[in-house]
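A.B. asks: For the sequence shown, our numbering begins at 2 and goes up steadily by one. Just so you know, even glycine gets a beta-carbon here, dropped at the ideal spot from N, CA and C. Have a look at the structure that comes next, please.
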Amino acid sequence: MADANLKSKGLLLQIVGFVVLLISLRGFFILKDTAMYFPGIIVGVVVFAVCLFRGGSLVKKSKEQKP
């Protein structure tokens, strides 16, 4: 039986990562022609990838737990 609480935390973490990516892409247009242009985008993509990975591992762990 899947642990619903752990699964919802994993999905929430993935949604947070997606929102961070969207904010980073919004910063792509705001920070144009500044020194924070590429570092801001790189940080956003890295945070997105980490959130997606951790959220996926929590969802997987929730499915593997035994009743």
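Would you be able to state if there are at least three C-beta pairs under 8 Å between the segment 33-40 and the segment 48-59?
C.D. replies: Counting C-beta pairs with one atom in each stretch, the segment 48-59 and the segment 33-40 have fewer than three that are closer than 8 Å, which means they do not touch.
A.B. asks: Would you decide whether residue 63 is buried or exposed? Buried here means 16 or more other CB atoms lie within 10 Å of its CB.
C.D. replies: buried
A.B. asks: With 16 other CB atoms within 10 Å as the buried threshold, where does residue 30 fall?
C.D. replies: exposed
A.B. asks: Using only CA atoms, which one of 52, 43, 10 lies nearest to residue 25?
C.D. replies: 43
A.B. asks: For the alpha helix (DSSP H) that contains residue 50, what are its first and last residues?
C.D. replies: For residue 50, the uninterrupted alpha helix (DSSP H) run begins and ends at 38-65, by DSSP.
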